[in-house]
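Novice: The structure follows.
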Amino acid sequence: MTLFKLSVSNMKKSIKDYAIYFFTLVLGVAIFYVFNAIETQTAMLRISADTRQVVQLMSKMIAGVSVFIAFVLGFLIIYASRFLMKRRNKEFGLYLILGMGKRKVSTMLFIETLIIGLVSLVVGLLAGIGISQITSVLVANMFDADMSSYSFVFSGSAFVKTCLYFAIIYVVVIIFNTFIISKCKLIDLFQNGRKSENVKIKNPWVSVIVFLISAVSLGYAYHAVITDINDMYMNDLYKWIVVGCVATVLFFWSVSGMLFRIVSSMKNVYYKGLNSFVVRQMSSRVNTNVLSISVICLMLFVTICVLSSALEVKNSLNEGIAKYARADVSISKTQSSDSIYYDEDEMGNDSETNDLLKKLEVTDGKSIEDVYSENNVDLGSYFSDYVDVHTYTCPALTIRNYLGDEALIDSLGIDVNALSSYEGTEEIISQSDYNKVAKIYDNAELQLADDEYAILANYRIFVKIRDERLQEGKEIEVYGQTLKPVITYCIDGDIELATQPLNTGVFIVPDSAIEGAQFAKEYFIGKYADQDRDAIQDSDTIIRNVSKKDELGGLITVNTKDNVKAASVGVGAIASFIGMYIGLIFLISGAAILALKELSESTDNIERYKMLRKLGVDQHMINKALFSQMGLFFIFPLALAIVHSVFGMMVSTKILDTMGAYDIAGAIGITAAIVVIIYGGYFLITYLCSRKIISE
1 MTLFKLSVSN MKKSIKDYAI YFFTLVLGVA IFYVFNAIET QTAMLRISAD
51 TRQVVQLMSK MIAGVSVFIA FVLGFLIIYA SRFLMKRRNK EFGLYLILGM
101 GKRKVSTMLF IETLIIGLVS LVVGLLAGIG ISQITSVLVA NMFDADMSSY
151 SFVFSGSAFV KTCLYFAIIY VVVIIFNTFI ISKCKLIDLF QNGRKSENVK
201 IKNPWVSVIV FLISAVSLGY AYHAVITDIN DMYMNDLYKW IVVGCVATVL
251 FFWSVSGMLF RIVSSMKNVY YKGLNSFVVR QMSSRVNTNV LSISVICLML
301 FVTICVLSSA LEVKNSLNEG IAKYARADVS ISKTQSSDSI YYDEDEMGND
351 SETNDLLKKL EVTDGKSIED VYSENNVDLG SYFSDYVDVH TYTCPALTIR
401 NYLGDEALID SLGIDVNALS SYEGTEEIIS QSDYNKVAKI YDNAELQLAD
451 DEYAILANYR IFVKIRDERL QEGKEIEVYG QTLKPVITYC IDGDIELATQ
501 PLNTGVFIVP DSAIEGAQFA KEYFIGKYAD QDRDAIQDSD TIIRNVSKKD
551 ELGGLITVNT KDNVKAASVG VGAIASFIGM YIGLIFLISG AAILALKELS
601 ESTDNIERYK MLRKLGVDQH MINKALFSQM GLFFIFPLAL AIVHSVFGMM
651 VSTKILDTMG AYDIAGAIGI TAAIVVIIYG GYFLITYLCS RKIISE
């Protein structure tokens with residue numbers, strides 16, 4: 001029989017052993033192709049030039065992350081190969097006894113690796129190509145792209161990259177297998193399954209002390225990251241991450257020593273059924289796999305946090321676009337030096353502010369439409385509906401004055417020495433102008449009495465403080481007129497186009513309160529008359545080009561719907577896709593390593609299960625014992641990872657507050673479903689394969 005035929009025969013015979021290996025390879029190839037095909041998939045979508053640049057940047061970042069992912073998958077595949085070789089030790093030993101040289105055994109393994117690699121590559125690529133068509137819908141939804149001209153897309157670059165990376169991985173696997181075969185000894189191949197695992201019983205007091213140290217360290221790290229996040233520097237964050245990692249290792253080390261002692265002391269539990277067998281097996285496994293279980297726990301922790309955050313970023317940005325970008329263009333122009341906060345004592349050193357004030361003199365008194373008219377652009381002709389409104393400032397109404405030092409220090413984490421930077425004046429808009437803005441954004445209009453005011457804000461941290469002041473009934477003075485709150489909460493919204501809730505606050509006051517005052521800023525907000533996508537892009541370009549002229553730089557700011565969407569969603573898309581990419585690979589890797597360890601243990605314990613049968617234990621009890629110990633082995637790292645994730649998500653939630661992430665529970669729910677499907681799927685396949693192995 002030729003080596004090729006022998007290799008094919010071996011693979012058919014050992015197909016159940018290859019189940020986890022093949023499943024992992026196919027998932028890895030499919031995910032690798034899908035994420036590297038994103039740029040090609042979007043080529044068929046009608047998106048703006050700004051969005052196209054974001055997609056290109058995202059693709060470059062994914063390409064960089066793919067190198068790291070390739071290393072992770074390479075390690076995983078080598079680890080899986082090691083299991084398969086261990087499973088077939090006796091088979092290899094038999095070949096050597098029958099006179100087959102180690103070189104021929106290596107060649108046979110090379111052929112098997114090549115076949116399984118090619119088959120998994122083909123199946124994975126086919127799955128990836130199919131899934132990538134669905135990914136296109138996800139990208140189109142995220143960027144609000146036109147899919148009318150979309151057709152089936154095959155990414156040649158992603159195909160070549162996937163084949164190249166996995167070819168390199170398979171070459172490394174072949175070299176590894178050849179090295180192992182060349183170093184193996186015949187006696188080890190036959191006695192591997194008979195070697196009894198030495199269960200080292202740790203000193204119980206040492207285990208308890210180490211457990212307490214790990215628990216206190218984790219508790220302190222949790223407390224530090226959730227209470228000091230506002231003041232924490234990256235170096236401090238890294239420090240607590242290291243503490244958490246070390247404490248995780250110590251936790252599993254101590255649990256492995258405590259588990260046997262605690263359960264064995266509970267006689268009614270320990271001697272019930274096969275519990276004594278299960279406990280000793282679990283104690284042995286945790287004891288000998290402390291480091292790997294710790295790494296898997298941390299990988300699952302990263303998976304849960306990254307996937308949840310990535311999904312929530314995507315959801316919050318899509319909601320933000322629908323809520324805060326209800327016009328096509330908003331243009332703002334600085335009209336008064338009162339709206340520019342600067343320190344007069346340092347004016348000589350502040351060239352940027354000096355330059356801005358000089359430009360302000362050139363456009364003094366000119367409206368936005370006047371400036372565009374001077375540049376040969378009839379602004380009004382582009383819009384079917386537009387408004388022109390103004391905002392004001394009042395020296396008596398400053399941010400520090402209204403919020404108070406205590407709130408700035410406690411709620412915003414502002415240093416006492418930095419309080420002076422909040423001496424800037426609050427922005428004010430008249431009731432009539434606000435109602436114009438509300439109307440064009442399709443929001444509710446507001447009615448005020450002559451002694452009332454309201455606040456327009458949506459940046460959550462500021463909204464919380466401002467709501468407290470409104471509930472206190474805090475009065476303000478605007479040009480000598482005293483005003484009280486009309487409602488006890490901030491109105492959700494902004495004046496300018498936005499995709500994220502970043503408006504710290506604009507005061508809405510009666511028209512009479514600012515009558516005769518000099519306005520500080522002007523806003524022009526409009527909806528295009530021609531809603532054709534190409535026409536919108538042309539109009540955006542013309543309007544933005546005027547604001548880029550040197551004499552207007554810094555005075556006129558243009559936000560277009562496509563522009564703010566691309567900028568905001570771009571950041572979210574990059575975070576989402578890279579987060580999902582890393583999260584899925586980490587989840588697959590962690591689950592696969594656990595699965596392979598369990599299969600390896602099942603192979604080693606065949607003789608033990610045979611002994612149980614000889615002692616009269618029926619197959620049902622054996623299967624139940626196997627299920628229990630495997631379930632505990634899978635749950636151990638996941639349970640601590642979930643605890644880590646609770647505090648990790650508290651930190652993520654504080655960061656995601658800036659993006660309006662109000663429904664983090666929904667993202668966590670989706671993440672939980674993904675973890676259950678993939679992690680639970682690996683557990684189920686592992687249990688079924690292990691049950692088959694021990695019944696041999």
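Each residue of the sequence shown is one higher than the one before, counting from 1 in full-length UniProt numbering. The C-beta atom is built at its ideal place from N, Cα and C for all residues, glycine as well. None of these values were measured; they are calculated from a predicted model.
#1: Cα separation between L397 and I476?
#2: From H620 to L626, what does the alpha carbon distance come to, in whole angstroms?
#3: Alpha carbon to alpha carbon, what distance is there between A215 and G244?
#4: With a threshold of 8 Å, are at least 3 pairs of Cβ atoms found where one atom belongs to the stretch 380-388 and the other to the stretch 504-514?
#5: If you check the beta carbons only, do T488 and L470 fall under 8 Å apart?
#6: Relative to the alpha-carbon of S421, which residue among L250, I428 and I409 has its alpha-carbon at the smallest distance?
#7: Using the Cβ count rule (16 or more neighbours within 10 Å means buried), how would you classify G156?
#8: Tell me the DSSP secondary structure of I340 in three-state form.
#9: Smallest Cα separation from I304: which of A673, P204, M58 and F154?
#10: On the criterion of 16 or more Cβ atoms from any shown chain inside 10 Å, does V437 qualify as buried, or is it exposed?
#11: Quick check on DSSP: helix, strand or coil for D385?
#12: Count the other C-beta atoms from every protein chain shown that fall within 10 angstroms of the C-beta of M611, then say buried if there are 16 or more, exposed otherwise.
#13: Indicate the three-state DSSP secondary structure (helix, strand or coil) for L218 in the structure shown.
#14: Looking only at its own chain, which residues have a Cβ that is under 8 Å from the Cβ of Q431, when we skip the five neighbours before and after it?
#15: Quick test of the definition: if touching needs 3 or more C-beta pairs under 8 Å, does the stretch 262-272 touch the stretch 290-305?
#16: Can V506 and I331 be called in contact, C-beta distance under 8 Å?
#17: Cβ of V546 within 8 Å of Cβ of V651?
#18: Keeping to the same chain, check which residues put their C-beta closer than 7 Å to that of K104; ignore five residues upstream and five downstream.
#19: Between which residues of its own chain and S690 is the CB-CB distance below 7 Å, once the five residues before and five after are set aside?
#20: In the structure shown, what three-state DSSP assignment does T504 receive?
#21: Answer with buried or exposed for G93, where buried requires no fewer than 16 other C-beta atoms within 10 angstroms of its C-beta.
#22: Got a sec? Which residues, its chain only, sit under 6 Å from S120 by beta carbon, not counting five neighbours each side?
#23: Compare the beta carbon distance of T162 and I38 with 8 Å and say whether it is the shorter of the two.
#24: Could you say which of L502, Y434, T671 and F633 lies nearest to R280 if we only look at CA atoms?
#25: Kindly identify the DSSP beta-bridge partner or partners of P485.
#26: Helix or strand or just coil, what does DSSP make of E468?
#27: Helix, strand or coil for residue 700, going by three-state DSSP, please let me know.
#28: Bridge partners for H390 per DSSP, in chain order?
#29: Less than 8 Å separating the beta-carbons of S308 and I668?
#30: Check whether the Cβ atoms of I428 and V463 lie closer than 8 Å to each other.
#31: In the DSSP assignment, what are the bridge partners of V208?
#32: If you draw a straight line from the C-alpha of S695 to the C-alpha of L596, how long is it?
#33: Going by beta carbon distance, what residues of the same chain come within less than 6 Å of V225, once the five residues before and after it are set aside?
Specialist: This is what the structure holds:
#1: Here the question's residue 397 lines up with position 397 in the sequence shown. Here the question's residue 476 lines up with position 476 in the sequence shown. Across the structure, L397 and I476 are spaced so that their CA atoms are roughly 7 Å apart.
#2: Here residue 620 refers to the residue found at position 620 when the sequence shown is read from its first residue. Here residue 626 refers to the residue found at position 626 when the sequence shown is read from its first residue. The C-alpha of L626 is placed about 10 Å away from the C-alpha of H620.
#3: Taking the first residue of the sequence shown as 1, we reach residue 244 at position 244. Taking the first residue of the sequence shown as 1, we reach residue 215 at position 215. In this structure, the straight-line span from the alpha carbon of G244 to that of A215 is close to 10 Å.
#4: With a cut-off of 8 Å on Cβ pairs, the stretch 380-388 is not in contact with the stretch 504-514, counting fewer than three such pairs.
#5: Sequence index remark: in the sequence shown, residue 488 carries index 488 (1-based). Sequence index remark: in the sequence shown, residue 470 carries index 470 (1-based). In contact: T488 and L470 (Cβ atoms closer than 8 Å).
#6: Taking the first residue of the sequence shown as position 1, residue 421 is located at position 421. Nearest of L250, I428 and I409 to S421, Cα basis: I409.
#7: By 1-based counting over the sequence shown, the position of residue 156 is 156. Taking every protein chain shown into account, the CB of G156 has fewer than 16 other CB atoms within 10 angstroms, so this residue is exposed.
#8: Here residue 340 corresponds to residue number 340 of the sequence shown, with the count starting at 1. For I340, the predicted model reports a pLDDT of 44, less than 50, meaning its position is unreliable; a value from the coordinates is still stated below. If DSSP states are grouped into helix, strand and coil, I340 belongs with coil.
#9: Reading the sequence shown from its first residue, position 304 is the one you call residue 304. Of the residues A673, P204, M58 and F154, the one whose Cα lies closest to the Cα of I304 is A673.
#10: Start at 1 with the first residue of the sequence shown, and residue 437 comes out as number 437. It counts as buried.
#11: The residue you call residue 385 lines up with position 385 of the sequence shown. Reduced to three states, the DSSP call for D385 is strand.
#12: Here residue 611 refers to the residue found at position 611 when the sequence shown is read from its first residue. Burial call: exposed.
#13: Here residue 218 is taken as the residue at index 218 of the sequence shown, counted from 1. Looking at L218 - three-state DSSP - the assignment turns out to be helix.
#14: Here residue 431 refers to the residue found at position 431 when the sequence shown is read from its first residue. Take Q431, set aside five residues on each side of it, and the residues of its chain with a beta-carbon closer than 8 Å to its own are L446, Q447, L448, I508, V509, P510 and D511, in chain order.
#15: Counting Cβ pairs under 8 Å, fewer than three are found: no touch.
#16: Counting from 1 along the sequence shown, the entry for residue 506 is found at position 506. Counting from 1 along the sequence shown, the entry for residue 331 is found at position 331. Result no, Cβ atoms of V506 and I331 do not sit closer than 8 Å.
#17: Here the question's residue 546 lines up with position 546 in the sequence shown. Here the question's residue 651 lines up with position 651 in the sequence shown. No, Cβ-Cβ distance for V546 and V651 is not below 8 Å.
#18: Counting from one through the sequence shown, the residue named residue 104 turns up at place 104. Here K104 has L3 as same chain residues with Cβ atoms under 7 Å from its own Cβ, once five neighbours each way along the sequence are excluded.
#19: Your numbering for residue 690 matches position 690 in the sequence shown. Same-chain partners within the cutoff: E598, L599, S602, L626 and M630.
#20: For the purposes of this step, residue 504 is identified with residue 504 of the sequence shown, where counting begins at 1. If DSSP states are grouped into helix, strand and coil, T504 belongs with coil.
#21: Locating residue 93 in the sequence shown gives position 93, where the first residue counts as 1. Buried is the call here.
#22: Residue numbering aside, residue 120 sits at position 120 when the sequence shown is read from its first letter. Counting only Cβ-Cβ distances below 6 Å, and skipping sequence neighbours, we find F22, L25 and V26.
#23: Here residue 162 refers to the residue found at position 162 of the sequence shown. Here residue 38 refers to the residue found at position 38 of the sequence shown. No, they are not a contact pair.
#24: Stepping through the sequence shown from its first residue, residue 280 is reached at position 280. Checking every option, the nearest Cα to that of R280 belongs to F633.
#25: As a position in the sequence shown, residue 485 is number 485, starting the count at 1. In the DSSP output, where bridge partners are listed per residue, P485 has Y453.
#26: Taking the first residue of the sequence shown as position 1, residue 468 is located at position 468. Three-state DSSP puts E468 in a helix.
#27: Because residue 700 is not part of the residues shown, which for the chain are 1 to 696, the question remains open.
#28: As a position in the sequence shown, residue 390 is number 390, starting the count at 1. DSSP output for H390 lists E522 as bridge partner(s).
#29: Counting from one through the sequence shown, the residue named residue 308 turns up at place 308. Counting from one through the sequence shown, the residue named residue 668 turns up at place 668. Using a Cβ distance threshold of 8 Å, S308 and I668 count as a contacting pair.
#30: Numbered from 1 along the sequence shown, position 428 holds the residue referred to as residue 428. Numbered from 1 along the sequence shown, position 463 holds the residue referred to as residue 463. Not closer than 8 Å, so no.
#31: On the sequence shown, residue 208 is found 208 positions in, with the first residue counted as 1. DSSP, once it has assigned bridges, lists no residue as partnering V208.
#32: Along the sequence shown, read from residue 1 onward, the residue named residue 695 stands at position 695. Along the sequence shown, read from residue 1 onward, the residue named residue 596 stands at position 596. Roughly 18 Å between the two C-alpha positions.
#33: Translated into the one-based positions of the sequence shown, residue 225 becomes position 225. Cβ neighbours of V225 beyond the five flanking positions: W240 and V651.
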